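The structure under discussion appears below in the form of structure tokens.
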Amino acid sequence: MADSKTILIAEDSSVILNLTKKILELQKYQIVSAKNGGEVIKQVEAQPIDCVLMDINIPVKDGMECTREIRRNADPRIAQIPIIAITGNANNYSMEQFREAGVTDYLPKPLDFDALVRVVKQYVG
Numbered sequence: 356m357a358d359s360k361t362i363l364i365a366e367d368s369s370v371i372l373n374l375t376k377k378i379l380e381l382q383k384y385q386i387v388s389a390k391n392g393g394e395v396i397k398q399v400e401a402q403p404i405d406c407v408l409m410d411i412n413i414p415v416k417d418g419m420e421c422t423r424e425i426r427r428n429a430d431p432r433i434a435q436i437p438i439i440a441i442t443g444n445a446n447n448y449s450m451e452q453f454r455e456a457g458v459t460d461y462l463p464k465p466l467d468f469d470a471l472v473r474v475v476k477q478y479v480g
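Add 355 to the 1-based position in the sequence shown for the numbering used here, that's all there is to it.
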């Protein structure tokens, strides 16, 4: 499985995290997870990540701040990771704000798992 892609799921709800993880593992993705914004940055710097599923409302640093920090990273491999925002209150943000932060795409909660798989495949293959 050398060509397996690694997805980082940044999500503080263990229920959503576990469901999302199972769905993506069925698609043969490797999954790493982060429960807060501090862990997100550590994970992307520690290993090659092919895509980040970023819950906007995670503790320590919210998803928007994490996204901005990833985009500012000196390593282009890290700075260009596709970031898919996941949020239950997308109405709090405009697509303009997502774009400004560097979000690649976004999915509303509750997650539609077919849409999740489709969007991840769109950016990761």
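The beta-carbon is built from N, C-alpha and C at its ideal position, and this holds for glycine as well. All values derive from a computational prediction rather than experimental measurement.
CA nearest to the CA of residue i, picked from the options
i              : options                           : result
isoleucine 364 : Lys390, Asp430 and Glu451         : Lys390
tyrosine 384   : Ala456, Val407, Phe453 and Tyr448 : Val407
threonine 459  : Asn444, Pro465 and Val479         : Val479
aspartate 315  : Ile378, Ile425, Ile411 and Ile362 : Shown here, the chain extends from 356 to 480; a query on residue 315 therefore has no answer.
lysine 430     : Pro403, Asn447, Asn444 and Met409 : Correcting the residue identity first, residue 430 is aspartate in this sequence and not lysine. The shortest Cα separation from aspartate 430 among Pro403, Asn447, Asn444 and Met409 belongs to Pro403.
serine 368     : Thr442, Asn447, Ala456 and Tyr461 : Thr442
tyrosine 448   : Leu462, Pro437 and Val395         : Leu462
valine 475     : Ile413, Asp417 and Ile438         : Ile438
DSSP-derived helix/strand/coil call for residue i
i             : result
aspartate 417 : coil
aspartate 363 : In the sequence under discussion, the amino acid at residue 363 is leucine, which differs from the aspartate named in the question. In this structure, leucine 363 counts as strand in the three-state DSSP scheme.
leucine 466   : coil
Residue(s) in a DSSP beta bridge with residue i
i             : result
aspartate 460 : Ile439
glutamine 385 : Thr361
Other residues of its chain near residue i: CB distance less than 6 Å, five sequence neighbours each side excluded
i          : result
valine 415 : Asn391, Gly392 and Gly393
Closer than 7 Å: residue i CB and nearest the ligand GDP heavy atom
i              : result
isoleucine 438 : Of ligands this structure carries none, so the ligand GDP is not represented either.
For residue j and residue i, the rounded distance between their alpha carbons
i              : j              : result
glutamate 400  : glutamate 451  : 27 Å
leucine 471    : asparagine 444 : 17 Å
leucine 372    : arginine 473   : 18 Å
aspartate 469  : methionine 409 : 17 Å
arginine 426   : glutamate 366  : 19 Å
proline 465    : aspartate 358  : 30 Å
cysteine 421   : leucine 381    : 27 Å
asparagine 428 : valine 395     : 13 Å
Neighbourhood of residue i by C-beta distance below 8 Å, restricted to the same chain and skipping five residues each side
i          : result
valine 387 : Thr361, Ile362, Leu363, Ile364, Gln398, Gln402 and Ile404
Residues of its chain near residue i, where Cβ-Cβ distance is below 7 Å and the 5 sequence neighbours each way are ignored
i                 : result
methionine 419    : Ile411 and Ala456
phenylalanine 453 : Ala440 and Tyr461
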